[in-house]
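Remarks on the structure that follows.
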Amino acid sequence: MLGEIIAIGDELTSGRIPNTTSGFAAHHLFKAGFDIYAMHTIGDTPALIGEALKRALGRVDFVLVTGGLGPTDDDLTTEAVSEALNRPTMPNLEILSLIRQHLDSNTDQPASSLEKLAWLPEGAETLSPETRMSGFQLIHNDKPIFFLPGIPHQMRTLLIEQVLPRLATWYKGRQLTSSQRVFRIFGKNETEVNQLVKNIILDDNVEIGYYPVFPDVHLSMTVRGNDEKKTDHLARKSYRLITDKLGSFIYGKDRDTMESVLGALLQKNDKNLSVAESCTGGLISHLITSIAGSSGYYLGGVTSYANSMKTKYLAVDESLLEKHGAVSSEVAAAMAQGMRLKSNADISVSVTGIAGPGGGTEDKPVGTVFIGFSEKNETKAQR
4 MLGEIIAIGD ELTSGRIPNT TSGFAAHHLF KAGFDIYAMH TIGDTPALIG EALKRALGRV
64 DFVLVTGGLG PTDDDLTTEA VSEALNRPTM PNLEILSLIR QHLDSNTDQP ASSLEKLAWL
124 PEGAETLSPE TRMSGFQLIH NDKPIFFLPG IPHQMRTLLI EQVLPRLATW YKGRQLTSSQ
184 RVFRIFGKNE TEVNQLVKNI ILDDNVEIGY YPVFPDVHLS MTVRGNDEKK TDHLARKSYR
244 LITDKLGSFI YGKDRDTMES VLGALLQKND KNLSVAESCT GGLISHLITS IAGSSGYYLG
304 GVTSYANSMK TKYLAVDESL LEKHGAVSSE VAAAMAQGMR LKSNADISVS VTGIAGPGGG
364 TEDKPVGTVF IGFSEKNETK AQR
């Protein structure tokens, strides 16, 4: 079944606040077997809200609207919906009673602004009045429309506890089963990955998508069907085919990250790591330590921008710097080895390069990077 998501708020269209609710909703709706046809972000303009809603109702099976349900003057969703669908607003007595109970114990709050929350379009059903979170459902032309607050934690709660169960009941018997996996790929660009995968014979119910997310390429595999067991079997078969084809270029799946996979490998092999950085300025250390438990395998690092730091803290020979320059395979290897010996780590890596915008030459243009690696029996570097 197809749905559409409309996020409302001037704070979103101005960029003051990122729109996190639409992505959350799309993710959980997809997991429940629903496809999203489109997602829109619009401001607090009644005409635009009404136009977007009517357009959505003309092409999808259900609509999810977030934002614009509060008590302030710029919360205009309810009024816009009332006008667009020709449903006059009416007081919901249950909500009105709860508001008046609240006002009795908070006499300093203006009644008029809060009571605005109780006026809903004709035929609206509140989603969860006992939680005191704004949110309601309308059935219009036999299509459900869900209106949720724009406050992220409230929206998430109502989506999980109210919207998904209601949709499952509404479309019982018509709901598709879906399965999705994401392959995280490094070392091949989007075109190269596509060339490899298109040679795999996949079932017509398997959809493949490619998304470059620097420095990776993410490949999504979506499988849909009417039978849960058959869909699961097809998903596992397709997963194996793609994994066999791409091999070691796949470094992770689904929510894996490069740093989380690295940490898991170090722990699995009972190894620890240290890092010597130049052009990355501590970024590698930051990524590694962003993973919970990284103190169990990461010893630390040195950010050696200046040559003097390389010689003092990493024991890089000055003659190497003079002969080959700081950005070279020789110096990258020496940095990694020096870091390993200084830190007594099992493995050390280094990076040195020309980040720009200046400093590049014909032989070593901006963007040139050397990566060094050192363990007990081997030290090497690669451009």
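Each step along the sequence shown adds one to the number in my numbering, with nothing skipped, and position 2 is 5.
We put the beta carbon where it would ideally sit given N, CA and C, even for glycine.
Look at the Cβ atom of residue i, then the Cβ atom of residue j, and state whether they are nearer than 8 Å.
i, j, result
"Gly71", "Ile11", "yes"
"Ala35", "Leu170", "yes"
"Leu269", "Tyr300", "yes"
"Val84", "Leu67", "no"
"Leu199", "Ile211", "no"
"Lys274", "Val185", "no"
"Ser346", "Leu302", "yes"
"Trp122", "Pro168", "no"
"Met4", "Phe33", "no"
Distance check for residue j and residue i, CA to CA, integer angstroms please.
i, j, result
"Trp173", "Arg159", "20 Å"
"Thr234", "His156", "33 Å"
"Pro124", "Phe65", "17 Å"
"Glu193", "Gly362", "30 Å"
"Ile357", "Gln385", "15 Å"
"Thr16", "Thr80", "15 Å"
"Ala339", "Ser241", "40 Å"
"Asn89", "Phe149", "17 Å"
"Leu237", "Glu333", "50 Å"
"Lys367", "Ile39", "47 Å"
"Asn22", "Ile142", "26 Å"
"Asp247", "Val372", "31 Å"
"Ser298", "Gly266", "10 Å"
"Arg216", "Gly61", "Rather than Arg, the amino acid found at residue 216 in this sequence is Val. One C-alpha to the other measures close to 34 Å."
"Leu51", "Thr69", "14 Å"
"Val63", "Gly138", "21 Å"
"Met312", "Ile20", "41 Å"
"Gly296", "Thr306", "22 Å"
"Gly6", "Thr225", "17 Å"
"Gly18", "Ala59", "24 Å"
"Lys383", "Asn229", "53 Å"
"Thr129", "Asn144", "19 Å"
"Thr44", "Glu262", "33 Å"
"Gln183", "Glu195", "22 Å"
"Arg258", "Glu381", "32 Å"
Only counting the same chain, and skipping five residues up and downstream in sequence, which positions put a Cβ closer than 7 Å to that of residue i?
i, result
"Leu162", "Ala28, His31, Leu151"
"Asp219", "Arg187, Ile188, Phe189"
"Glu321", "Thr314"
"Asn310", "Leu324, Ala329"
"Lys191", "Val220, Phe252"
"Thr292", "Tyr301"
"Asn272", "none"
"Ser331", "Phe373"
Only counting the same chain, and skipping five residues up and downstream in sequence, which positions put a Cβ closer than 6 Å to that of residue i?
i, result
"Asp13", "Gly46, Asp47"
"Glu378", "Ile350"
"Thr260", "none"
"Val264", "Tyr254, Gly255"
"Val166", "Phe149"
"Ala127", "Phe139, Leu141"
"Ala337", "Val319, Leu323"
"Phe376", "Ala339, Val352, Lys383"
Cutting at 8 Å between CB atoms, please list the residues of its own chain near residue i, excluding the five before and the five after it.
i, result
"Gly304", "Ser277, Val278, Ala279, Glu280, Gly285, Ile287, Ser288, Met342"
"Glu164", "Ser131"
"Lys369", "The question names Lys, but residue 369 in the sequence shown is Val. If we look at Val369 and ignore the five residues flanking it on each side, its Cβ neighbours are Ile357, Ala358, Gly359, Pro360, Gly361, Gly362, Gly363."
"Glu54", "Ala87"
"Glu82", "Pro49, Thr92"
"Pro113", "Since pLDDT at Pro113 reaches only 45, below the 50 mark, its modelled position is unreliable, and the value read off the structure follows with that caveat. Result list for Pro113: empty, nothing under 8 Å."
"Leu205", "Ile211, Ser241, Leu244"
"Arg239", "none"
Tell me, to the nearest whole angstrom, how far the beta carbon of residue i is from that of residue j; I am working on the premise that it is less than 8 Å.
i, j, result
"Glu86", "Pro49", "7 Å"
"Ile203", "Leu244", "5 Å"
"Ala335", "Ile374", "6 Å"
"Gly153", "Thr24", "7 Å"
"Asn197", "Tyr213", "6 Å"
Any beta-carbon of chain D closer than 8 Å to the one on residue i?
i, result
"His289", "Among the chains of the structure shown, chain D does not appear; only one protein chain is present."
Query raised in the report: With a cut-off of 8 Å, do at least 3 Cβ pairs link the segment 249-257 to the segment 316-330?
Result: no
Requested in this report: Report yes or no: do three or more beta-carbon pairs, one from the segment 300-317 and one from the segment 341-353, lie closer than 8 Å?
Outcome: yes
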